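Encoded as structure tokens, the structure appears first; notes follow it.
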Amino acid sequence: MNFKIAVPPPFSFLSTVYSHGWVDLPPFQLNSEEQYFDYTFSPDENSIISFRISGGDNSSLLVQTEGKLTAAAGKKTEHAVICMFRLNEDYSSFYRLARAEKKWKWIISYSAGRMLRCASLWEDMVKMLCTTNCTWNLTKIMTGNLVAELGKEKGSKHSFPAPEIIAGCDEQYLRQRIKMGYRAPYLLEFADRVASGKIDLNQLENREGTSDELYKALRAIKGFGDYSVSSLLKLLGFYDRMGYDSWNRIQFAKKHNSGTAVEDKEIAAYYKRYDSWAGLFFWMDVTEHWYKNNFKW
DNA sequence: GCGTCCAGGTCTACC
DNA sequence: GGTAGACCTGGACGC
Numbered sequence: 000m001n002f003k004i005a006v007p008p009p010f011s012f013l014s015t016v017y018s019h020g021w022v023d024l025p026p027f028q029l030n031s032e033e034q035y036f037d038y039t040f041s042p043d044e045n046s047i048i049s050f051r052i053s054g055g056d057n058s059s060l061l062v063q064t065e066g067k068l069t070a071a072a073g074k075k076t077e078h079a080v081i082c083m084f085r086l087n088e089d090y091s092s093f094y095r096l097a098r099a100e101k102k103w104k105w106i107i108s109y110s111a112g113r114m115l116r117c118a119s120l121w122e123d124m125v126k127m128l129c130t131t132n133c134t135w136n137l138t139k140i141m142t143g144n145l146v147a148e149l150g151k152e153k154g155s156k157h158s159f160p161a162p163e164i165i166a167g168c169d170e171q172y173l174r175q176r177i178k179m180g181y182r183a184p185y186l187l188e189f190a191d192r193v194a195s196g197k198i199d200l201n202q203l204e205n206r207e208g209t210s211d212e213l214y215k216a217l218r219a220i221k222g223f224g225d226y227s228v229s230s231l232l233k234l235l236g237f238y239d240r241m242g243y244d245s246w247n248r249i250q251f252a253k254k255h256n257s258g259t260a261v262e263d264k265e266i267a268a269y270y271k272r273y274d275s276w277a278g279l280f281f282w283m284d285v286t287e288h289w290y291k292n293n294f295k296w
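Residue numbers for the first sequence follow numbering that gives the first Met the number 0, beginning at 0 and rising by one.
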């Protein structure tokens, strides 16, 4: 079954797919040659949906599934795609700022700025936890193990495991087999609180509130510090925080200070004029070379 | 092949 | 409020 989803301009499939590392982590399966990715998700405990998505002419997304979807499953797939590609977000003031300065001309020409999400905040948050205090390779190992060992299975494909599944795991298993290491108790506690309803991710995601309020709510969850919460806020449509990590600090230093380390407050001062978009301009600035190198990471 | 050291965020205890 | 140390793993390095 094939169907199209209209996208609001400016939009670029590739710029969104390569906006950060998510597409490199299962259950995303990228085919860079043919410019599509496969993705599998479980919208509820009884179902599992796999689809292939490509960008066509950047005026719509083409979604392909094996076999026909029920109307309800089609709706859930469409909702997931809208969330993943941030199709409901208004980027007009971001592009207005980008158009005003010559150095951001490339953002306009690549229609860059949208950051790819997973189908659920749960999956985004667990993956973000897996990026903390380790190399990207270890992040891939952790998420790969979670999906392969605990995900719901459909043929050769697996979805990201539900909170209930992880909440039922033994801590030693998560530490040693999944390679979560010392993060295991954080993941276990988070999964348990989500599965038991003590943390309502839907409410968290759809709450009316400020960036600061959401920041405080997410920081209250053990294991999620400044870097991970600031990065998560970017996936939730709040771009005022920088989300420093060792990699983006180095990229900034290389680009703006001949490689000499720069204090966080100086980085913040550099992007201050972009106000609520400061964090996104920071991320765009340190990843500019990805776009110009045709997304060769 | 083995042992050692280091990088990578977050939490906790302490000042 | 700021700082130091512990947490765990993979990879780099020296032997």
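All C-beta atoms in this analysis are idealised placements derived from N, C-alpha and C, irrespective of residue type, glycine included.
No experiment lies behind these values; they were computed from the predicted model shown.
{"Check": "Specify, as a first and last residue, the run of the beta strand (DSSP E) that Q28 falls within.", "Outcome": "Q28 to N30"}
{"Check": "I'd like to know whether the C-beta atoms of L149 and W276 end up nearer to each other than 8 Å.", "Outcome": "no"}
{"Check": "List the endpoints of the continuous beta strand (DSSP E) containing K3.", "Outcome": "N1 to A5"}
{"Check": "DSSP on Y238, reduced to helix/strand/coil?", "Outcome": "coil"}
{"Check": "In angstroms, rounded to a whole number, what distance separates the CA positions of T69 and P162?", "Outcome": "25 Å"}
{"Check": "What are the start and end residues of the alpha helix (DSSP H) that includes Q34?", "Outcome": "Counting along the chain, Q34 falls outside any alpha helix (DSSP H), and DSSP gives it neither H nor E."}
{"Check": "List the endpoints of the continuous beta strand (DSSP E) containing V62.", "Outcome": "S59 to Q63"}
{"Check": "Hey, out of N136, N45, S41 and N57, whose CA is closest to Y35's CA?", "Outcome": "N57"}
{"Check": "Look up R206 in the DSSP assignment and say whether it is helix, strand or coil.", "Outcome": "coil"}
{"Check": "Once you ignore the five residues that flank C131 on each side, which residues in its own chain have a CB closer than 8 Å to its CB?", "Outcome": "It is worth fixing the name first, because residue 131 is Thr in this sequence and not Cys. Excluding positions up to five away in sequence, the list reads R182, G222, G224, Y226 and S227."}
{"Check": "For I249, does the three-state DSSP call read helix, strand or coil?", "Outcome": "helix"}
{"Check": "Specify, as a first and last residue, the run of the beta strand (DSSP E) that R51 falls within.", "Outcome": "S46 to S53"}
{"Check": "Would you mind giving the Cβ-Cβ distance between A190 and A166, rounded to the nearest angstrom? I have them listed as a contact below 8 Å.", "Outcome": "4 Å"}
{"Check": "Would you kindly report the start and end of the unbroken alpha helix (DSSP H) that includes E163?", "Outcome": "P162 to A166"}
{"Check": "Do you know whose CA, among F294, V6, P160 and I48, lies nearest G154's CA?", "Outcome": "I48"}
{"Check": "Determine the closest residue to Q28 out of A147, I106 and L120, with distance taken between C-alpha atoms.", "Outcome": "A147"}
{"Check": "Apart from the five residues just before and just after F281, which ones in its own chain have a Cβ nearer than 6 Å to its Cβ?", "Outcome": "M241 and Y270"}
{"Check": "Check this for me: beta carbons of I177 and M127, under 8 Å apart or not?", "Outcome": "no"}
{"Check": "Between which two residues does the alpha helix (DSSP H) harbouring G73 extend?", "Outcome": "A70 to M83"}
{"Check": "Taking the alpha carbon of S53 as the reference point, which residue from Y214, L235, T64 and K254 has its own alpha carbon closest?", "Outcome": "T64"}
{"Check": "When DSSP builds the beta bridges, which residues end up paired with K139?", "Outcome": "According to DSSP, K139 bridges with nothing at all."}
{"Check": "Does the beta-carbon distance from G258 to A267 come in below 8 Å?", "Outcome": "no"}
{"Check": "When the Cα atoms are used, what is the spatial distance from G320 to V6?", "Outcome": "This structure cannot settle anything about residue 320, because the visible part of the chain is limited to 0 through 296."}
{"Check": "For S18 versus M124, is the C-beta distance shorter than 8 Å?", "Outcome": "no"}
{"Check": "Quick one, which of D43, S41 and R51 has its alpha-carbon nearest V22's?", "Outcome": "R51"}
{"Check": "Shortest alpha-carbon distance to N292 belongs to which of L13, E122 and N256?", "Outcome": "L13"}
{"Check": "I'd like to confirm something about K215: is its beta-carbon nearer than 7 Å to some heavy atom of the ligand NAP, or not?", "Outcome": "Inclusion of the ligand NAP in the displayed structure is not the case, the ligand content being empty and no account of it being possible."}
{"Check": "Note the first and the last residue of the continuous alpha helix (DSSP H) segment covering S257.", "Outcome": "Where S257 is concerned, there is no enclosing alpha helix (DSSP H), given that its DSSP letter is neither H nor E."}
{"Check": "Pull up the CB-CB distance for L173 and L187, whole angstroms please, since I reckon it's below 8 Å.", "Outcome": "6 Å"}
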